[in-house]
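For reference, the structure is listed below as structure tokens.
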Amino acid sequence: DDEKTPLSAEVLWKLERAGAPVVSPDGTMVVVPLTTYDEDNESETRLWLLANDGSGAQRPITAEGSAASSPVFSPSGAQLAFISKRNEDEAGQIYLLPTAGPGEASKLTDVPTGVSGLRWEGEYLYFISSVWPEHSWEEMADRLKAEEEDHISAFTWSEMPYSFFDHYLNEDRKNHLFRIPAAGGDVEPVTEPLGMAMMPAGTGAGDYDVSPDGKHLAFVTTSTPGAVYSNGDVFLVELGKKKARNLTSDNPANDYGPMFSPDGKQLAFARQRIAGFYGDQAKLMTYSMASGDTQMHHEDWDYGVSGLVWTPDSSGFYGAIDDKATRRVYSISLDGNAPSPVTKENDYGALSIADNGVLVAQRQSALHPVRIGTVDTQSGDFNRLDAFNDEVMATVDAGTYESVTYKGHNGADIQMWVHYPPGFNPRKEYPLMMLIHGGPHGAISDNFHYRWNAQTFASWGYVTAWPNFHGSSGFGQDFVDAINPDWTTKPYADVMAAADFLAQKKFIDEDRMVAAGGSYGGYLSSIILGKENPFKALVIHAAVYDLYAQMSADFAVNMERFGPYWENPEIYREQSPHYYAKNFNTPSLVIHGQNDLRVPVGQGFELYRTLQTKGVESRLVYYPDENHWILSRANSLHWYGEVRDWVSKFAEPGGK
Ligand SMILES: CSCC[C@H](NC(C)=O)C(=O)N[C@@H](C)C(=O)N[C@@H](CO)C(=O)O
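As structure tokens, then:
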């Protein structure tokens, strides 16, 4: 279509990104945070109200220029609470807004350390704040000011953890739960009197729940505070009492996501069973509040539970389940019947359910960003409520894509997404851009990726391929765990087989094949660099290059499960890309961000220096202000530009 332009990095940054929707208790209103980006590298999130009454009405309900997040409805639906930092606020505070019509938001809290993890339970708003225990709010405000003025930037630690993904943690501060009456009043500490903090990092509203009668609190925290390896457990306490009980002390791996049933009789949570293995498929558990019995459900169902919401009658759940390269809504009952899929194609997530059973979700595909709508739980039909991005997407010729299956390592079936450029002509030969996903225990699903947008790469004039190699999630527990502790053999074989499979297609030019991957995908790209490969060039982003060094980094690869290098050095030696440097000869673009604490930046520099030492054509792109992911608009546009220039240099784009 002449009038349309292909998907591009510039278009990606024009799109508005819809967050997790929240449906009102009566199912008639949906509130969704919507983030927009401008050309000055600034972003803004406002809350939008979508009507679920067939009218298609939608409007922003928070002010322009004031970021807003974490919306929660009051139990009656008459009010909405959210977190915002506006006017004189030094940190995010709770604001309240009537839902009946236009009105001014009023501020509820003045917590110097800020609020997060908001929930509205009965008369109270509960929130998390990272505080200095046993200090008054005034003392904390003074301390924050003193820290700002003393010009000392040092952190000190005597225990773990010291960092979380892209920032360092202040060991003196702890995450605690508080509550405040929604009608106004004093903030009350909830977890401090228990002498227990919540998880030291990454904790949020999904890590606690209050029973419908307001009497009990269930929350997740580590049962090994200060330790290198944490074991998240679910604790239960009667509010007002001083001692919480660990409900999951018998399990050495993580238990998380506590959720009381609407009738208050059961507490559900998710359980992994293998300590130190984040890819372990989580099982659904319930704890009976009456008998104290804990039960595992659907033990033989070869899927992990995620994104659960209770049905209003407390008989079961809907969940957003990783299912063979799509994320589908499933109905999961507690009556012994097997879970059943509700939706068909595309990815669903961020489920929210009303008291009358109206189910709201995000839906996205590889060709369109997140949309918000209701899911018919009988037919699986999606009724869209928003019109976000329609104008922009109407100008885009998005190309096509399909799911294919090929034979990988040892003849196993491997699923792969293949994208074709707009105007693809199968009688021409195209270059191939092989994409290698991270994790490794994740999957490339039917969703709209902003950082690695396969259709954007395709639109440059490449056929792109995303194989879900051994280790990917959603294909069963055995498949996910098939690459442990040997991270190399099967995924390498699967990627080579994918290249081979596509090279045999008439529309692929096998002399124009490149590969690119980030994180674990960067690790596997570095492995490919040291082995025989058909690629003319590689893009190696946030790569693990020296597995020994990575073993002691933030994501201490396999250490907890398979033992450290001083006990089992052979596991790591065989699989470290740096041991194969002798063979490096494929031109490589190395990319790394300074604030990447998941795969520390030294790994990228070491790889680049080695390539230069060996005289292999290479280029290093270093972002001093980015983390494991390139998140700002300007840097992301730069990233796409660098990647495009590099792959174009070695594999000319377009059909010939
Ligand atoms: C091998 S060290 C850590 C790798 C990291 N794994 C985890 C559990 O954090 C990883 O691969 N993360 C991916 C989710 C990731 O960052 N993927 C890249 C590329 O697919 C991304 O940009 O999302």
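Numbering (my numbering), first residue to last: 91 to 746. A virtual CB, placed ideally from N, CA and C, is assigned to each residue, including glycine. Just so it is clear, the structure is predicted and the values come from calculations on it, not from any experiment.
Roughly how many angstroms separate the alpha carbons of V691 and I617, rounded to a whole number?
V691 and I617: Cα-Cα distance of roughly 18 angstroms.
At a cut-off of 8 angstroms, is A555 close to ligand 1 when judged by its beta-carbon and the heavy atoms of the ligand?
Flag unset: Cβ of A555 not near ligand 1.
Short of 7 angstroms in beta carbon distance, which residues of its chain neighbour M483, apart from the five on each side in sequence? Order them along the chain.
The answer, listed in chain order, is H458.
Alpha helix (DSSP H) containing S549: first to last residue?
Boundaries of the alpha helix (DSSP H) harbouring S549: 544-549, taken from the DSSP string.
Taking only runs that begin and end inside the segment 541-613, name each unbroken alpha helix (DSSP H) of 4 or more residues, in chain order.
Segments of the alpha helix (DSSP H) lying fully in the segment 541-613: 544-549, 567-570, 579-593.
Spatial neighbours of A291 in its chain, beta-carbon cut-off 7 angstroms, leaving aside the 5 residues before and after:
Excluding positions up to five away in sequence, the list reads P251, F254, L259.
Whether Y450 touches F478 by CB criterion (9 angstroms):
It is worth fixing the name first, because residue 450 is Val in this sequence and not Tyr. No Cβ-Cβ contact shorter than 9 angstroms links V450 with F478.
Relative to the alpha-carbon of A606, which residue among W729, L137, V205 has its alpha-carbon at the smallest distance?
Comparing Cα positions, the closest option is W729.
What residue range does the alpha helix (DSSP H) around A751 cover?
Residue 751 lies beyond the residue range present for the chain, which begins at 91 and ends at 746; the question has no answer from this structure.
Alpha-carbon to alpha-carbon, I681 and P714:
Roughly 11 angstroms separates the two Cα atoms.
Ignoring anything shorter than 4 residues or poking outside the segment 439-504, list the alpha helix (DSSP H) runs there in chain order.
Taking only runs of at least 4 residues, the alpha helix (DSSP H) segments lying wholly in the segment 439-504 are 480-483.
For T312 and T246, the rounded distance between their alpha carbons:
Computed Cα separation, rounded: 21 angstroms.
Specify the secondary structure class of G532 as computed by DSSP and reduced to three states.
For G532, the three-state secondary structure derived from DSSP is coil.
3-residue-minimum beta strand (DSSP E) runs that sit fully inside the segment 241-317, ordered along the chain
Counting only runs of at least 3 residues, the segment 241-317 fully encloses the following beta strand (DSSP E) elements, listed from N- to C-terminal order: 264-271, 298-300, 306-312.
Excluding sequence positions up to five away, which residues of its chain have a Cβ less than 7 angstroms from the Cβ of Y698?
Excluding sequence neighbours, Y698 sits near V680, S708, L710.
Is DSSP giving I364 helix, strand or coil here?
Residue state, collapsed to three classes: coil.
Alpha-carbon spacing of M375 relative to D345, whole angstroms
So the two alpha carbons sit approximately 9 angstroms from each other.
Within 10 Å of its beta-carbon, does G191 have 16 or more other beta-carbons around it, so buried, or fewer, so exposed?
Counting every other CB atom within 10 Å of its CB across the protein chains shown gives G191 a total below 16, marking it as exposed.
Should R417 be listed as close to ligand 1, given that the test is whether its C-beta is under 8 angstroms from any heavy atom?
Distances from the CB of R417 to the heavy atoms of ligand 1 are all 8 angstroms or more.
Given the structure, does F591 come close to ligand 1, in the sense that its CB is under 8 angstroms from one of the ligand's heavy atoms?
Taken from the Cβ of F591, every heavy atom of ligand 1 lies 8 angstroms or farther away.
V634 classed as buried or exposed, judged by whether at least 16 other C-beta atoms fall within 10 angstroms
With 16 or more other Cβ atoms within 10 Å, it is buried.
With a CB to CB cut of under 6 angstroms and the five nearest residues on each side skipped, what residues in its chain are close to T314?
Only residues of its own chain outside the window of five on either side were considered, and among them S320, N321 have a CB closer than 6 angstroms to the CB of T314, listed in chain order.
Just to check, is the beta-carbon of P49 closer than 8 angstroms to a non-hydrogen atom of ligand 1?
Not covered by the structure: residue 49. The range shown for the chain is 91 to 746.
Considering only C-alpha positions, which residue in the set A724, Q693, L727, L687 is nearest to N717?
The option with the nearest alpha carbon to N717 is L687.
Neighbourhood of W222 by C-beta, 7 angstroms cutoff - its chain only, sequence neighbours within 5 removed
Result list for W222: M230, R233, D262, R263, in chain order.
Regarding S609 and ligand 1, is the C-beta to nearest heavy atom distance less than 8 angstroms?
Remark: the shortest separation between the CB of S609 and any heavy atom of ligand 1 falls under 8 angstroms.
E519: buried (16+ other C-beta within 10 angstroms of its C-beta) or exposed?
Counting Cβ neighbours within 10 Å, E519 comes out buried, since at least 16 surround it.
May I ask you to report which of helix, strand or coil DSSP gives L701?
It is helical.
Looking at C-beta atoms only, is the number of pairs between the segment 527-534 and the segment 329-343 that lie closer than 8 angstroms three or more?
Fewer than three Cβ pairs drawn from the segment 527-534 and the segment 329-343 lie within less than 8 angstroms of each other, which leaves the two stretches out of contact.
Out of curiosity, what's the CA-to-CA distance linking P726 and W719?
Per the sequence presented here, residue 726 reads as Ser, with Pro not at that position. Each residue's alpha carbon lies about 9 angstroms from the other.
For G207, tell me which candidate among K373, H509, T293, P302 has the shortest Cα-Cα distance.
Ranking the options by Cα distance to G207, first place goes to T293.
Measure how close the beta-carbons of A158 and P123 come, nearest whole angstrom, since I'm counting them as under 8 angstroms.
About 7 angstroms separates the two Cβ atoms, so the contact holds.
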